[in-house]
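Student:
Residue numbers (our numbering): 299 to 690.
1. Given this structure, state the Cα-to-Cα distance separating residue 270 from residue 472, to the nearest angstrom.
2. Could you pull out every unbroken alpha helix (DSSP H) segment of at least 4 residues lying fully inside the segment 431-508, listed in chain order?
3. Of the residues 448, 465, 459, 470, which one's Cα is nearest the Cα of residue 427?
4. Classify residue 575: buried if its beta carbon has 16 or more other beta carbons within 10 angstroms, exposed otherwise.
5. Identify, in the order they occur along the chain, each residue of the same chain with its Cβ nearer than 7 Å to the Cβ of residue 331, setting aside the five sequence neighbours on each side.
6. Under three-state DSSP, which class holds residue 558?
7. If we call anything under 8 Å between Cβ atoms a contact, is residue 435 one with residue 477?
8. Just to confirm, are residue 520 and residue 375 a CB contact at a threshold of 8 Å?
9. Compute the distance between the beta-carbons of residue 359 and residue 595, then report whether it is under 8 Å.
10. In terms of residue numbering, what span does the beta strand (DSSP E) encompassing residue 691 cover?
11. Can you check which of these residues, 645, 357, 639, 606, is closest to residue 616 by C-alpha distance?
12. Would you say the segment 491-511 touches the segment 388-402, given that touching needs at least three Cβ pairs under 8 Å?
13. In this structure, does DSSP put residue 428 in helix, strand or coil?
14. Could you give the first and the last residue of the continuous beta strand (DSSP E) run that contains residue 377?
15. Name, in chain order, the residues that DSSP records as bridge partners for residue 352.
16. For my contact list, residue 660 and residue 339 are in at a C-beta cut-off of 8 Å; report their separation, rounded to the angstrom.
17. If contact is defined by three or more beta carbon pairs under 8 Å, each pair taking one atom from either stretch, is the segment 336-355 in contact with the segment 480-496?
18. Check this for me: beta carbons of residue 515 and residue 393, under 8 Å apart or not?
19. Work out the CA separation of residue 320 and residue 302 for me, nearest whole Å.
20. Is the beta carbon of residue 366 closer than 8 Å to that of residue 526?
21. In the DSSP assignment, find the unbroken beta strand (DSSP E) run with residue 364 in it and report its ends.
22. Quick check: residue 549 and residue 561, are their CB atoms within less than 8 Å of each other?
23. Which same chain residues end up closer than 7 Å to residue 417 when comparing Cβ atoms and leaving out the 5 residues on each side of it in sequence?
24. Below 8 Å, can you find three or more Cβ-Cβ pairs linking the segment 598-605 to the segment 576-584?
25. Hey, residue 620 and residue 631 are a contact pair by Cβ (cut 8 Å); roughly how many whole angstroms apart?
26. Within 10 angstroms of the Cβ of residue 441, are there 16 or more other Cβ atoms? Answer buried if so, exposed if not.
27. By the DSSP assignment, the beta strand (DSSP E) with residue 612 in it spans what residues?
28. The beta strand (DSSP E) that contains residue 382, what's its start and end?
29. From residue 607 to residue 540, what distance separates their C-alpha atoms?
30. Cutting at 6 Å between CB atoms, please list the residues of its own chain near residue 605, excluding the five before and the five after it.
31. Using a Cβ-Cβ cutoff of less than 8 Å, which residues in the same chain neighbour residue 382 once the five nearest sequence positions on both sides are dropped?
32. Using 7 Å as the cut-off, classify the Cβ of residue 460 as near or not near the heavy atoms of the ligand COA, replying yes or no.
33. Which stretch, first to last residue, makes up the beta strand (DSSP E) that contains residue 540?
34. What are the residues that DSSP puts in a beta bridge with residue 340?
35. What separation, rounded to the nearest whole angstrom, lies between the Cα atoms of residue 559 and residue 496?
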């Protein structure tokens with residue numbers, strides 16, 4: 299009995315479900331078909347014009363003229379004349395280093411050189427006297443030889459005079475050698491004095507360029523040592539922008555503060571593998587070394603047709619524009635020649651065509667055949683209806 303009741307209930311439920319499905323199908327067939335709403339878009343008629351496409355980049359201001367100053371001597375800083383931030387001109391005195399030790403050494407060398415000079419003068423006077431004595435001895439010996447020929451002088455006298463002449467010549471040679479040695483010593487002292495004079499120039503630190511004293515690394519009383527940085531001067535001229543670009547970007551100019559500046563490749567890469575470029579900065583640009591700049595890199599510049607970004611749809615690795623006509627969008631495949639922040643340039647040439655501008659989802663609907671309504675026309679229609687209503 300229970301089994302029969304269960305079967306009957308199941309059959310009733312199946313029959314009810316079939317009835318509901320048939321009723322739903324009938325209702326759907328009677329329901330009106332949903333209208334396809336048009337997409338509202340903007341349009342643009344393309345024209346030839348000067349086109350400049352750029353990409354954003356970050357550059358840093360650098361300079362080859364900026365310098366860090368040090369000294370080649372050791373000594374106490376006796377005075378510092380400039381403060382950080384001061385404007386510097388070439389030749390301005392920045393600091394003085396104690397030169398008392400060098401001055402004392404130079405004074406001692408000069409006194410020693412003067413003493414050697416007196417010795418050289420005395421030696422020359424001695425040689426002059428010896429030469430006079432030699433001349434007199436030679437004259438006397440000549441007369442002795444004449445007398446010896448007539449037996450008016452002895453051979454012993456002649457031999458003694460020859461020995462005297464030889465002795466005088468030896469003393470002259472010794473005196474000359476002594477003077478030569480003294481002269482070499484004097485030359486060495488002169489060279490030592492020149493070296494001290496050269497070192498004394500490093501006791502006064504002066505600015506080698508015009509610029510700004512950006513760092514003062516010493517105070518009065520500090521010990522200056524060879525190679526120890528003392529000051530850094532940042533140049534106001536000779537600045538340039540250094541930037542790094544991927545090898546896919548080929549550029550020969552940048553736009554900085556509205557001005558085009560030529561770009562030069564350095565033919566080297568950074569540690570990150572990016573290609574290095576430099577661009578000169580005008581002297582009156584108001585930039586400082588180390589400053590980071592947002593710049594625009596020019597990647598394309600020519601007379602062409604500029605396509606707005608909103609006019610392009612990329613699907614499956616291909617790019618499309620949509621030409622507007624008679625309320626429909628005609629899908630047109632294009633090849634991108636160049637792309638930048640301002641838009642892009644494509645081929646074939648689309649000059650004279652009116653294209654649709656919209657977001658990608660709307661362009662996808664337009665590509666599916668959905669009717670297209672231009673926003674300007676829609677606004678005009680609404681305005682006309684409003685005027686008609688007010689007239690009535």
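For glycine and all other residues, C-beta sits at the position ideal for the given N, C-alpha and C. Keep in mind it's a predicted model, so treat the numbers as computed, not measured.
Tutor: Taking the definition as stated:
1. Absent from the model: residue 270. The displayed extent of the chain is 299 to 690, so no value can be given.
2. Unbroken alpha helix (DSSP H) stretches of 4 residues or longer found wholly inside the segment 431-508: 453-499, given in chain order.
3. Here residue 427 corresponds to residue number 129 of the chain shown, with the count starting at 1. Out of 448, 465, 459, 470, 470 has the C-alpha closest to the C-alpha of residue 427.
4. What you label residue 575 is simply residue 277 of the chain shown in a count that begins at 1. Residue 575 is classed as buried because its beta carbon has at least 16 other beta carbons within 10 Å across all chains shown.
5. For this step, residue 331 is matched to residue 33 along the chain shown. Any reading at residue 331 needs caution, since the residue's pLDDT is 49, under 50, leaving its predicted position unreliable; the model's value is listed next. Here the set comprises nothing.
6. Stepping through the chain shown from its first residue, residue 558 is reached at position 260. Judged by DSSP in its simplified three-state form, residue 558 adopts strand.
7. On the chain shown, residue 435 is found 137 positions in, with the first residue counted as 1. On the chain shown, residue 477 is found 179 positions in, with the first residue counted as 1. No, the Cβ-Cβ distance between residue 435 and residue 477 is not below 8 Å.
8. If you number the chain shown from 1, residue 520 lands on position 222. If you number the chain shown from 1, residue 375 lands on position 77. Result yes, Cβ atoms of residue 520 and residue 375 sit closer than 8 Å.
9. In the chain shown, counting from the first residue as 1, residue 359 sits at position 61. In the chain shown, counting from the first residue as 1, residue 595 sits at position 297. Remark: C-beta atoms of residue 359 and residue 595 do not approach each other more closely than 8 Å.
10. The structure shown has nothing for residue 691, since the chain only spans 299 to 690.
11. Taking the chain shown and counting its residues from 1, the one referred to as residue 616 is at position 318. With distances taken between CA atoms, residue 616 lies nearest to 645 out of 645, 357, 639, 606.
12. The segment 491-511 vs the segment 388-402: in contact.
13. Start at 1 with the first residue of the chain shown, and residue 428 comes out as number 130. In this structure, DSSP gives residue 428 a helical state, which the three-state scheme calls helix.
14. Position 79 of the chain shown, counted from the first residue, corresponds to residue 377. It spans 373-378 - the beta strand (DSSP E) in which residue 377 sits, taken as one unbroken run.
15. For the purposes of this step, residue 352 is taken as residue 54 along the chain shown, with counting starting at 1. For residue 352, which the question treats as bridged, DSSP gives the partners 596.
16. Along the chain shown, one-based indexing puts residue 660 at 362. Along the chain shown, one-based indexing puts residue 339 at 41. Correct: roughly 6 Å between the Cβ atoms.
17. By the Cβ test, the segment 480-496 is not in contact with the segment 336-355, since fewer than three Cβ pairs between them sit closer than 8 Å.
18. Within the chain shown, numbered from 1, the residue matching residue 515 stands at position 217. Within the chain shown, numbered from 1, the residue matching residue 393 stands at position 95. Not closer than 8 Å, so no.
19. Residue 302 sits at position 4 when you count from the first residue of the chain shown. Residue 320 sits at position 22 when you count from the first residue of the chain shown. Put simply, the backbone Cα of residue 302 is about 27 Å away from that of residue 320.
20. To locate residue 526, count along the chain shown from 1; it is residue 228. To locate residue 366, count along the chain shown from 1; it is residue 68. Not closer than 8 Å, so no.
21. If you number the chain shown from 1, residue 364 lands on position 66. Counted as a single uninterrupted DSSP element, the stretch harbouring residue 364 is not any beta strand (DSSP E), since DSSP gives it neither H nor E.
22. In the chain shown, the residue the question calls residue 549 occupies position 251. In the chain shown, the residue the question calls residue 561 occupies position 263. Contact: yes.
23. Along the chain shown, one-based indexing puts residue 417 at 119. These residues qualify, in order along the chain: 480.
24. No, the segment 598-605 is not in contact with the segment 576-584.
25. Locating residue 620 in the chain shown gives position 322, counting from the first residue. Locating residue 631 in the chain shown gives position 333, counting from the first residue. Not a contact, Cβ separation roughly 11 Å.
26. Working through the chain shown from its first residue, we reach residue 441 at position 143. By the neighbour-count rule (16 or more Cβ atoms within 10 Å), residue 441 is not buried but exposed.
27. For the purposes of this step, residue 612 is taken as the residue at position 314 of the chain shown. It spans 611-613 - the beta strand (DSSP E) in which residue 612 sits, taken as one unbroken run.
28. Taking the first residue of the chain shown as 1, we reach residue 382 at position 84. Taken as a continuous stretch (DSSP letters only), residue 382 belongs to no beta strand (DSSP E), as it is neither H nor E.
29. The residue given as residue 607 occupies position 309 in the chain shown. The residue given as residue 540 occupies position 242 in the chain shown. Looking at the two C-alpha atoms, the distance is approximately 30 Å.
30. Walking along the chain shown from the start, residue 605 turns up at place 307. Same-chain partners within the cutoff: 641, 642, 644.
31. Within the chain shown, numbered from 1, the residue matching residue 382 stands at position 84. Excluding five sequence positions before and after residue 382, the CB atoms of its chain that fall closer than 8 Å to its own CB belong to 511, 512, 513, 514, given in chain order.
32. This structure lacks the ligand COA; in fact it carries no ligand of any kind.
33. Residue numbering aside, residue 540 sits at position 242 when the chain shown is read from its first letter. Note, residue 540: beta strand (DSSP E), 537-543.
34. Residue numbering aside, residue 340 sits at position 42 when the chain shown is read from its first letter. According to DSSP, which records beta bridges pairwise, residue 340 is partnered with 655.
35. The residue given as residue 559 occupies position 261 in the chain shown. The residue given as residue 496 occupies position 198 in the chain shown. One alpha carbon belongs to residue 559, the other to residue 496, and they sit about 44 Å apart.
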